[in-house]
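The structure appears right after this line, and notes come after that.
Protein chains in written order, with this note's numbering: chain A, 1 to 153; chain B, 154 to 306.
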């Protein structure tokens, strides 16, 4: 089993890149049929007129970011709480054939006031396509356990 | 075809309720397998120990909000842009058997500066369960076309 990741494992200013997911027209349409059935997400014909071709639901891109985060670190991080998101911006369309990865930066890292064993991390995520363009950014705050101290005596 | 909804159709302070979606354990697990495979979203056994039972991915709740918004108004609104989200809070767990609906409030409504035919609307969405508890809130800003004026002469 992989090592648990604690508060101390996400130092302030660190930038890491990970992930890699291919987005197909079938993926885009399947997600949109279930959750976001606007024609420029579900219908190539309508999308061509409105958007120059099919584009992914912004929420689909968000869900793909989540999956890449799970695989890269969330599944083994000592998370106490992910209370929400501070900001999401869909900056550029995601289209069939795009390959997306994640650039993650630690914007803030502070011990939680009044709780010595807990730390708060603020991440900025960018979902970057094969041309190096950030299609989406997201900021969110996680509460993590601090690494247990070895007893010294 | 239903009437198009313009900027003027979302007056400041208006509160409306709509939607109604049942969340099953199978739905929760299927979404989580694809996008958020943390054990308390995918495994009833593990979830019982960690969370008192299976809970939905917050992103699943977000996607269900999106679907209810599409059905209620997004599909026929004269939207120019949905640039992102200002805030998301997952406040209470969503569990199998829950029935969710939406309470939407218009927090701000202003003509877009320098663009007379465009207006900006800020919505607060609450995703409310069968006990009247808001499981999630979300704030977001939409740019909408203003209603075309009848020519007078």
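We put the beta carbon where it would ideally sit given N, CA and C, even for glycine.
Just so it is clear, the structure is predicted and the values come from calculations on it, not from any experiment.
Residue nearest to residue i in terms of C-alpha spacing, selected from the options
{"i": "residue 163 of chain B", "options": "B:199, B:238 and B:259", "result": "B:259"}
{"i": "residue 96 of chain A", "options": "A:47, A:34, A:19 and A:35", "result": "A:47"}
{"i": "residue 246 of chain B", "options": "B:215, B:276, B:237 and B:256", "result": "B:215"}
{"i": "residue 188 of chain B", "options": "A:116, A:13, A:99 and A:67", "result": "A:67"}
{"i": "residue 122 of chain A", "options": "A:76, A:4 and A:14", "result": "A:14"}
{"i": "residue 165 of chain B", "options": "B:262, B:283 and B:294", "result": "B:262"}
{"i": "residue 170 of chain B", "options": "B:295, B:277, B:293 and B:294", "result": "B:277"}
{"i": "residue 8 of chain A", "options": "A:49, A:24 and A:78", "result": "A:78"}
{"i": "residue 301 of chain B", "options": "B:286, B:273, B:269 and B:242", "result": "B:269"}
Opposing strand residues paired with residue i [DSSP bridges]
{"i": "residue 106 of chain A", "result": "A:123"}
{"i": "residue 175 of chain B", "result": "B:252"}
{"i": "residue 90 of chain A", "result": "A:136"}
{"i": "residue 114 of chain A", "result": "Note: residue 114 of chain A sits in no beta bridge, so no partner."}
{"i": "residue 302 of chain B", "result": "In DSSP, residue 302 of chain B forms no bridge with anything."}
Chain-ordered neighbours of residue i on chain A, where CB pairs are closer than 7 Å
{"i": "residue 242 of chain B", "result": "83 and 84"}
Interface residues of chain A facing residue i [CB-CB closer than 8 Å]
{"i": "residue 204 of chain B", "result": "Neighbours of residue 204 of chain B on chain A: none; closest Cβ ~12 Å, over 8 Å."}
{"i": "residue 225 of chain B", "result": "Per Cβ cutoff of 8 Å: no residues; residue 225 of chain B is ~13 Å from chain A at best."}
Proximal chain B residues relative to residue i, where beta-carbon distance stays under 8 Å
{"i": "residue 143 of chain A", "result": "Within 8 Å Cβ-Cβ: nothing; residue 143 of chain A doesn't reach chain B, min ~13 Å."}
Chain-ordered neighbours of residue i on chain B, where CB pairs are closer than 9 Å
{"i": "residue 67 of chain A", "result": "187, 188, 189 and 190"}
{"i": "residue 134 of chain A", "result": "Ordered by position in chain B, no residue passes the 9 Å Cβ test against residue 134 of chain A, which lies about 12 Å from the chain."}
Chain B within 7 Å of residue i, Cβ atoms only
{"i": "residue 78 of chain A", "result": "no"}
Residue i at chain A interface by Cβ criterion, 7 Å
{"i": "residue 216 of chain B", "result": "yes"}
Members of the stretch 23 to 44 of chain A near chain B, C-beta cut-off 8 Å: 34, 35, 36, 37 and 38
Selection of the stretch 102 to 120 of chain A by Cβ proximity to chain B, strictly under 8 Å: none
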